[in-house]
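In this note's numbering, the protein residues as written are 5 to 139. Quick reminder that beta carbons are idealized off the backbone N, C-alpha and C, glycines included.
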């Protein structure tokens, strides 16, 4: 799993908005995002796109954890409540996987475990290995 962690260090957008991969194992990933002022929208709450990116990053790590390149073909998010500060966590869990398609649920919570959003994603599993992108 260290190889997967190294692979996701190449995600420039996640790095730009300060999303960190904490854990990854087959079919599972956990990421976090410390909330900063640049994550807030015009009404002072965490911007939905920032929450979506956190969830999408955890989804990507979980879906690529088997070593096969997987890319999103569908994703949706439901925002349960808003937040303005602290740390958000995203835990992605694999629901199903076959040679071409896999589905995941990502729970986004605050540091107290309160639900912030629920993300569901479907990934297409390509005929390429994650290793082929690492130098």
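Pair within 7 Å by beta-carbon distance, residue i and residue j
| i | j | result |
| --- | --- | --- |
| residue 125 | residue 63 | yes |
| residue 43 | residue 54 | yes |
| residue 36 | residue 93 | yes |
| residue 73 | residue 130 | yes |
| residue 106 | residue 113 | no |
DSSP-derived helix/strand/coil call for residue i
| i | result |
| --- | --- |
| residue 87 | coil |
| residue 68 | helix |
| residue 24 | strand |
| residue 155 | Outside the shown range of the chain, which is 5 to 139, sits residue 155, and nothing can be said about it. |
For residue i: DSSP bridge partner residues
| i | result |
| --- | --- |
| residue 44 | 50 |
| residue 125 | 79, 108 |
| residue 18 | DSSP output for residue 18 lists no bridge partner at all. |
Cutoff 6 Å; reference residue i; Cβ partners in own chain excluding five residues on either side
| i | result |
| --- | --- |
| residue 115 | 90, 91 |
| residue 1 | With the chain covering 5 to 139 only, the question about residue 1 has no answer from this structure. |
Residues near residue i by beta carbon distance below 8 Å, same chain, minus five either side
| i | result |
| --- | --- |
| residue 48 | 88 |
Could you check whether the region 84-93 touches the region 12-21, counting it as contact only if at least three pairs of C-beta atoms, one from each stretch, sit closer than 8 Å? Per the Cβ contact rule, the region 84-93 is not in contact with the region 12-21 (fewer than 3 Cβ pairs under 8 Å).
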